[in-house]
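Enquirer: For the record, the sequence lines run as chains A and B. Going by my numbering, 124 is the number at position 124 of the first sequence; the sequence numbering is gapless. Position in the second sequence (first residue = 1) + 1000 = my numbering. Every residue, glycine too, gets a C-beta built ideally from N, C-alpha and C. Predicted model only: the values in this text are computed from it and were never measured.
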Amino acid sequence: MAEETFDIPACLERVRRRDQAAARELVEHLYPLVIRIARSHLPRRVAEEDLAQEIFLKMFTRLDQYKGEVAFSHWVSRIAVTTCIDQLRAQKRRPEFRWADLSEQEAEVLDSVLTSDGEVAANDALASRELVYKLLGQLKADDRLVLQLLDLEQRSVAEISELTGWNQSLVKVRAFRARGKLKKLFEELERKERS
Amino acid sequence: MNDFESKWQRLVVAARQAPAADEVAAPYGFATRVAARAMSERPPALLAFGRFALRALCIACLLTLASGAANYLAFAGSTDDEQALIDPVSEVFTSAS
């Protein structure tokens, strides 16, 4: 994001004076960042645009709390992540993971991961990503988020702690528990695959 | 955990190779709509005042209920006390006659 070409402090000052044009410019500037976070943590049956809108409205409501101690984009990222967690937590029911619901390519990738030790073929990357999202979708919101940030986005524990507001020990404990649950899911899938 | 860890890591390594979705600009009208909604909402100071007023109303209701309950006990006990009261004027008249 070209933060250096966009004068954030000046824009924020105008927004605080209730300047609608400045608010629009700010939304346009931050949209790629917000939509990327919304897409990667999108709950089922929630439109990414609706989630992005909710994130922006929260951002405007809390603007007076921004003291400039961190980069504005970082502050907005944190709002985006916490909004996504709230949305994911609100989704109590998680769909059951069934082999039959996987696409042919996803089923092949899962089968290859479960039965062989070889690397997944590079042209199966998209199917692998979909599969990872489906597997993570079986976990609770916090577990899903921590594994997604840690393993898929390769964020450090410190970064996750900053983004979520959880302390570093909590991040590690949640990651450990989430891996345990995912392991059980893998074992169950292996049993189903054999039968 | 190692067997699972190796399987999971192979899967996420492959997943990370998937191309990221293009960072698109906001859809037409999105920024205008969001900015208009945000600017039309009441400023945070007013919202804070609203929350404060609501809290004050709740406390006032609780105080009313508490004082009602306390006074009810006093009223409930007062009927016996009234019967026990002696009217000094009628006492004087009775003794004089």
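Cα separation between A1025(B) and Y31(A)?
Expert: Position 25 of the second sequence holds residue 1025(B). Position 31 of the first sequence holds residue 31(A). Their Cα atoms are separated by approximately 7 Å.
Enquirer: Which word fits R1010(B), buried or exposed, when buried means at least 16 other C-beta atoms lie within 10 angstroms of its C-beta?
Expert: In the second sequence, residue 1010(B) corresponds to position 10, counting from 1. Buried.
Enquirer: Buried or exposed for R62(A), please, with buried defined as at least 16 other CB atoms from any protein chain shown within 10 angstroms of its CB.
Expert: Residue mapping note: residue 62(A) aligns to position 62 of the first sequence, counting from 1. That one is exposed.
Enquirer: Using a Cβ-Cβ cut-off of 8 Å, state whether R87(A) counts as contacting chain B.
Expert: Position 87 of the first sequence, counting from 1, holds the residue named residue 87(A). Correcting the residue type first, residue 87(A) is Gln in the shown sequence and not Arg. With 8 Å as the cut-off, Q87(A) does not count as an interface residue toward chain B.
Enquirer: Consult DSSP for I1086(B) and reduce its assignment to one of helix, strand or coil.
Expert: Along the second sequence, one-based indexing puts residue 1086(B) at 86. I1086(B): coil per DSSP, three-state reduction.
Enquirer: Answer with buried or exposed for E54(A), where buried requires no fewer than 16 other C-beta atoms within 10 angstroms of its C-beta.
Expert: In the first sequence, residue 54(A) corresponds to position 54, counting from 1. With 16 or more Cβ atoms within 10 Å of its Cβ, E54(A) is classed as buried.
Enquirer: Measuring CA to CA, which of L182(A), K192(A) and L149(A) is closest to V171(A)?
Expert: Indexing the first sequence from 1 puts residue 171(A) at position 171. Per the Cα distances, L149(A).
Enquirer: Counting only C-beta atoms, is S97(A) closer than 8 Å to chain B at any point?
Expert: In the first sequence, the residue the question calls residue 97(A) occupies position 97. Before going further, note that residue 97(A) is Phe rather than Ser in the sequence given. Not an interface residue.
Enquirer: Classify C1058(B): buried if its beta carbon has 16 or more other beta carbons within 10 angstroms, exposed otherwise.
Expert: Stepping through the second sequence from its first residue, residue 1058(B) is reached at position 58. The residue in question, C1058(B), is exposed, as its Cβ has fewer than 16 Cβ neighbours within 10 Å.
Enquirer: Can you find a C-beta in chain B that's less than 8 Å from the C-beta of Y66(A)?
Expert: For the purposes of this step, residue 66(A) is taken as residue 66 along the first sequence, with counting starting at 1. With 8 Å as the cut-off, Y66(A) does not count as an interface residue toward chain B.
Enquirer: Can you list the residues of chain A that F1052(B) reaches, using a CB-CB cut of under 7 Å?
Expert: The residue given as residue 1052(B) occupies position 52 in the second sequence. Chain A residues near F1052(B): none, gap ~16 Å exceeds 7 Å.
Enquirer: Out of R1037(B), E1041(B) and F1093(B), which one is the CA nearest neighbour of R24(A)?
Expert: Working through the first sequence from its first residue, we reach residue 24(A) at position 24. With distances taken between Cα atoms, R24(A) lies closest to R1037(B).
Enquirer: Is the stretch 172-186 of chain A touching the stretch 135-147 of chain A in the sense that three or more CB pairs, one from each, lie closer than 8 Å?
Expert: Yes, they touch.
Enquirer: Taking Cβ-Cβ distances shorter than 9 Å, what residues in chain B pair up with A23(A)?
Expert: Residue 23(A) sits at position 23 when you count from the first residue of the first sequence. Simply A1031, V1034, A1035, A1036, A1038 and M1039.
Enquirer: From I1086(B) to V1092(B), what distance separates their C-alpha atoms?
Expert: To locate residue 1086(B), count along the second sequence from 1; it is residue 86. To locate residue 1092(B), count along the second sequence from 1; it is residue 92. Cα to Cα, the separation comes out at about 11 Å.
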